[in-house]
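Numbering (our numbering), first residue to last: 31 to 100. A virtual CB, placed ideally from N, CA and C, is assigned to each residue, including glycine. Taking it in order: structure first as structure tokens, then the write-up.
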């Protein structure tokens with residue numbers, strides 16, 4: 031299965047990628063590091079081409095909780 035992982039370079043995302051690859055899945059890493067900006071959407075269409083499923087492993091950067099949670 032071809033699975034996209036949003037937040038693939040973070041703590042949870044990188045562990046998710048490892049498990050998926052170990053289990054034989056093709057993983058598409060979605061992160062700024064891999065050329066995808068989820069705020070602007072730049073690179074997202076290309077990254078999701080042919081993907082069967084998406085895992086959302088995005089979290090707020092450390093110290094930014096007040097900006098993301100009311």
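Which whole-angstrom value is the C-beta distance of residue i and residue j, which I expect to be below 8 angstroms?
i	j	result
residue 32	residue 58	7 angstroms
residue 77	residue 38	With a Cβ gap of about 10 angstroms, residue 77 and residue 38 do not count as contacting.
residue 46	residue 85	6 angstroms
Please determine, among the options, the residue with the shortest C-alpha to C-alpha distance to residue i.
i	options	result
residue 73	61, 41, 82	61
residue 82	46, 55, 67	55
Residue i by DSSP, collapsed to three states: which one?
i	result
residue 81	coil
residue 87	coil
residue 72	coil
residue 66	coil
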